[in-house]
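Chemist:
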Amino acid sequence: MIAPMCLFCRILEGEVPAQVVAQTEASLAFRDIDGKAPTHVLVIPRRHVQNLAELAEYAAELADVVGLAARVAQDEGLDLGYRLVANTGSQAGQTVHHAHLHLLGGREMTWPPG
Ligand code: 5GP
Ligand code: ZN
Numbered sequence: 026m027i028a029p030m031c032l033f034c035r036i037l038e039g040e041v042p043a044q045v046v047a048q049t050e051a052s053l054a055f056r057d058i059d060g061k062a063p064t065h066v067l068v069i070p071r072r073h074v075q076n077l078a079e080l081a082e083y084a085a086e087l088a089d090v091v092g093l094a095a096r097v098a099q100d101e102g103l104d105l106g107y108r109l110v111a112n113t114g115s116q117a118g119q120t121v122h123h124a125h126l127h128l129l130g131g132r133e134m135t136w137p138p139g
């Protein structure tokens with residue numbers, strides 16, 4: 026049996042619908058289906074890698090993901106600040122094993138995160 030494609034690869038292929046807010050040649054930004062803040066956008070590389078650390082092997086693509094997140098933050102008017110989160114591994118709560126940044130903003134953030 027052929028392994029099913031990962032969820033975010035399916036979003037990239039347009040097989041699973043998503044509310045896309047911005048994109049570049051290397052990255053895609055779309056709203057989280059279960060938003061935890063007024064702005065909760067996921068920013069992912071088009072390349073399938075397991076996590077952000079693996080994306081560090083592709084420096085230009087890592088920079089592109091961070092740059093797109095910053096652009097979306099600006100477009101969303103998050104002038105007072107925002108948080109970028111990269112859950113890495115099961116103990117950190119990573120559930121989708123395709124690298125992604127959570128862009129969270131539009132409300133006061135607590136520190137440290139739970
Ligand atoms: P993780 O837990 O791996 O850090 O983040 C995965 C995120 O993907 C979660 O915040 C979850 O709400 C989101 N998510 C899961 N399934 C879907 C989906 O089908 N569409 C969208 N837009 N987000 C999803
Ligand atoms: Zn993938």
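In the working numbering, the protein residues as written are 26 to 139.
Cβ atoms here follow ideal geometry from the backbone N, Cα and C, with glycine treated the same way.
Based on the DSSP output, what are the partners of V97 in its beta bridges?
Modeler: Residue mapping note: residue 97 aligns to position 72 of the sequence shown, counting from 1. According to DSSP, V97 bridges with nothing at all.
Chemist: I'd like the span of the alpha helix (DSSP H) that includes I36, first residue to last.
Modeler: As a first step, residue 36 is located in the sequence shown; it is residue number 11 there, counting from the start. Its alpha helix (DSSP H) spans residues 32 to 38.
Chemist: With DSSP as the reference, please indicate the residues paired to G130 in a beta bridge.
Modeler: Taking the sequence shown and counting its residues from 1, the one referred to as residue 130 is at position 105. DSSP, once it has assigned bridges, lists T64, Y107 as partnering G130.
Chemist: Looking at H125 and L32, is the spacing between their C-beta atoms short of 8 Å?
Modeler: Taking the first residue of the sequence shown as 1, we reach residue 32 at position 7. Taking the first residue of the sequence shown as 1, we reach residue 125 at position 100. If you check the CB distance, L32 and H125 do not come in under 8 Å.
Chemist: If you follow the alpha helix (DSSP H) that A78 is in, where does it begin and where does it stop?
Modeler: Position 53 of the sequence shown holds residue 78. First-last of the alpha helix (DSSP H) with A78: 77 to 80.
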